[in-house]
Structures are given as structure tokens and as C-alpha cells.
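Taking it in order: structure first as C-alpha cells, then the write-up.
Number of protein chains: 2
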Amino acid sequence: MKPLPDEIQKKMNHFKDVLRRSGAKLTHQRMEVFREVALTAEHPDAETVWQGVRERVPSVSLDTVYRTLLLLLDLELITSLRPTRERMRFDANMSSHHHFMCRQCGTICDFYSPEFDALTIPKAVKALGNIERTRVELRGLCSRCSKSKRGK
Amino acid sequence: MKPLPDEIQKKMNHFKDVLRRSGAKLTHQRMEVFREVALTAEHPDAETVWQGVRERVPSVSLDTVYRTLLLLLDLELITSLRPTRERMRFDANMSSHHHFMCRQCGTICDFYSPEFDALTIPKAVKALGNIERTRVELRGLCSRCSKSKRGK
DNA sequence: CTATTTGCAAATAATTTGCAGTGCG
DNA sequence: CGCACTGCAAATTATTTGCAAATAG
């Protein structure tokens, strides 16, 4: 589930590339914020990214993490997710994938599906605008949560 | 696009029914908050709902609107949406549908698709938990926004 | 060198909560 | 009538911003 070391390496290189090309400066903080998101498949929120980065860069501030995450979004190096009633979360998995979210514990799992990737956009929708991204969101109760007693 | 008068009536009846059955009290404020969401297809946020309700119940407070919207979510009388970088929005359309969201202006349009409603849940996902809802989210630039000059 | 970026602290935006009075069942 | 519900004001939480010092290119 977790990205492999050489995948991370590839992502880091791509990150440096895109950053340079954009004209933004390649700072230590930015490197580590991106790495932190790329290292996990758990869709961390800003605060969690901060915790992780601090272990390597103790002086980094939460607002730099926020600023960096927003920059990464702009550069399309990561995407974001907003579960209902929770904070924004981030995802460095940029290959076409979809999500399962547990309504109880908030866990989000990536999954792949050629069928979901190949949906036919209804004509009526094409008339609304230009579709740039298709994402299927499945919600339910994860098995761990169904086991533990009952509801909230 | 806007719900028809007798559809609204039907929804209001269902609302009263569910509310009573839940043991919660049927107050004037709750009626009007639900009506406000049911009246529109525009997925208003809490503040917008408040504006609308105030025209009919000038004394209603924003926090009552929030509390009521959360209650309605709990009772599954409405659902919510969280566009990236925007506030929470509400939807009283409870039939199976999907969304197109403009990344520029934030407009959200409902649409229907038998194909999208009938997706085959991958085995790997079934193993993760019990799927309760499937929603396809299309993002892009709406035609209105593509026309107006350029990006942000 | 110099424009960006950072850390700090303070501001804002959105949502939530405690409490005393009000009203539905 | 009593407890749930409301409005008010104040608290919290998440995120954003201004500014002086630090630093990448």
C-alpha cells in the first residue's frame, strides 16, 4: 500500500522538476513537506503532515506547511480531499484512482478500477462544461468499524 | 431544475414524518430550514440557507440553522458536499445522483446516470467494508467560466 | 545581491458550545 | 408542565495573513 522507495525517488525528482520549472524556489521545507505526503497512502491533513515533517525539520512552522501544501495543489503535484465534517486532507497519488471512505473513522483508501476510469460522461454533463477529472467516491462503514460494537 | 411545488409538498410531509418518528420536536425554525434547502437545487451553504430562512423567520439565528442542518444530516433528510477550499454545502435531493463541480466558480450541478448508478464495486473494495453510497464527482470548468477571460 | 520564502504572532472564517429563557408535545 | 429547542454571545477549530529576518538562485 505504502509507496515503494524508488517510487518515492521518482516522485521527488518530478517534484523538483516541476518546482524549478514553475520558478518557485526549492527549499528544504518544501522538499520535506512534499516527501511527507508522498511517503504515505493515508491522506494526512495539514497538521499530520506537520508532525511528520517536524521530525526531520524541527523548526518548520505549521503555516509553512499550509502554504506549501497549497502551492503543491496549484502545481498539481498533489490533490486534496474533503471528507464531510473533517479537515482537508492531501494525496500525492496522482495516478487515476478512486476512494473508499469510512463514515465512522474517516479512513480513506485508494483503489483502482478500469471500469470507473472509463465512465461515459453523459451528454447533458458535457454541455455543462469541460470535465477535467472524474472521481468515484464510495462511502460506507469499514470492516474495522462494523466489528467494534455499534455506531458512534 | 428547481423542484416542483408538489414535490416540495411531498418532501415536507416526509420531513415531518421522519422528524416526529425520531422524537425530535417539529419547530417552526426546523420546518423553514428544511424547506429552504428543499426549495433550491443550488446546494446552498449554511449562511445562504440562513439568508433565505430569515426572510420568512426574521428572528432565526445562524447557529440554529447550523444545528438544524446537522440534525437533518443525521436523520438522512439531506446530504452534504464539501468542495475543495469552500464551505460545506447542503443538498435535499435524496435520489441517486451525481455532481459536476466547476473548479472556478464553485457551481455544483446534479445529474443522473443509470450507468453511474450501476457501477460494479471491485472485490478489493468490498473487502474494505460495506458500501452505503456511491457518488461520482466530475470536476472541470463550466462553460460560463471558460467563456470569461482566463483562469482565476 | 535581491526577490522569495520562512517563522512568528496575530487575524479571519467557519463552525460549535454554554446558558437562560421559550415553546412544543 | 417539563424537557428539548432557541437566540445570544462567546469559544473553538481550521486556515490565512502581515511582517521582519533568513536564504535560494
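As you go down the protein sequences, you meet chains A and B in turn. Residue 152 is where the first sequence ends in our numbering, and the numbering goes up by one at each step. Residue 304 is where the second sequence ends in our numbering, and the numbering goes up by one at each step. All C-beta atoms in this analysis are idealised placements derived from N, C-alpha and C, irrespective of residue type, glycine included.
Minimum Cβ-Cβ distance from residue i to chain A less than 8 Å
i: P196/B; result: no
i: G281/B; result: yes
i: T220/B; result: no
i: V277/B; result: yes
i: P155/B; result: no
i: S298/B; result: yes
i: R172/B; result: no
i: R302/B; result: Note that R302/B scores 47 on pLDDT, short of 50, meaning its location in the model is unreliable; the coordinates nonetheless yield the value given after this. Judged by the 8 Å Cβ criterion, R302/B is not in contact with chain A.
Counterpart residues of residue i in DSSP-defined beta bridges
i: F100/A; result: C109/A, L138/A
i: L233/B; result: R241/B
i: G129/A; result: C294/B
i: D197/B; result: R241/B
Neighbour list for residue i in chain B, Cβ cutoff strictly below 7 Å
i: P122/A; result: F263, S265
i: L62/A; result: Under the 7 Å cutoff, chain B gives no residues; its nearest Cβ is about 18 Å from L62/A.
Cross-chain neighbours of residue i in chain B, by beta carbon under 9 Å
i: T134/A; result: V288, E289, L290, R291
Interface residues of chain A facing residue i [CB-CB closer than 9 Å]
i: S329/B; result: The first residue shown for chain B is 153 and the last is 304, placing residue 329/B beyond what the model contains.
Anticipated Cβ contact below 8 Å, residue i with residue j, distance rounded
i: I260/B; j: L138/A; result: 19 Å between Cβ atoms; not a contact.
i: H195/B; j: L233/B; result: 6 Å
i: V125/A; j: F252/B; result: 5 Å
i: A176/B; j: L229/B; result: That pair is no contact at about 11 Å.
i: L141/A; j: R85/A; result: Incorrect: roughly 16 Å between the Cβ atoms, too far for contact.
Min CB distance residue i to chain B below 8 Å
i: S96/A; result: no
i: F15/A; result: no
i: L75/A; result: no
i: L119/A; result: yes
i: Q9/A; result: no
i: R56/A; result: no
Listed by chain order, chain A residues near residue i by CB distance under 8 Å
i: L224/B; result: Under the 8 Å cutoff, chain A gives no residues; its nearest Cβ is about 13 Å from L224/B.
Check: residue i C-beta below 7 Å from any heavy atom of the ligand FMN
i: R133/A; result: What this structure holds is no ligand at all, so the ligand FMN is not there to describe.
Using a Cβ cut-off of 8 Å, which residues of the segment 175-196 of chain B contact any Cβ in chain A, in chain order?
Along the segment 175-196 of chain B, none of the residues has a CB nearer than 8 Å to a CB of chain A.
Using a Cβ-Cβ cut-off of less than 9 Å, list which residues of the segment 78-94 of chain A approach chain B; keep chain order.
Within the segment 78-94 of chain A, the qualifying residues are T79, S80, L81, R82, P83, T84, R85, E86, M88.
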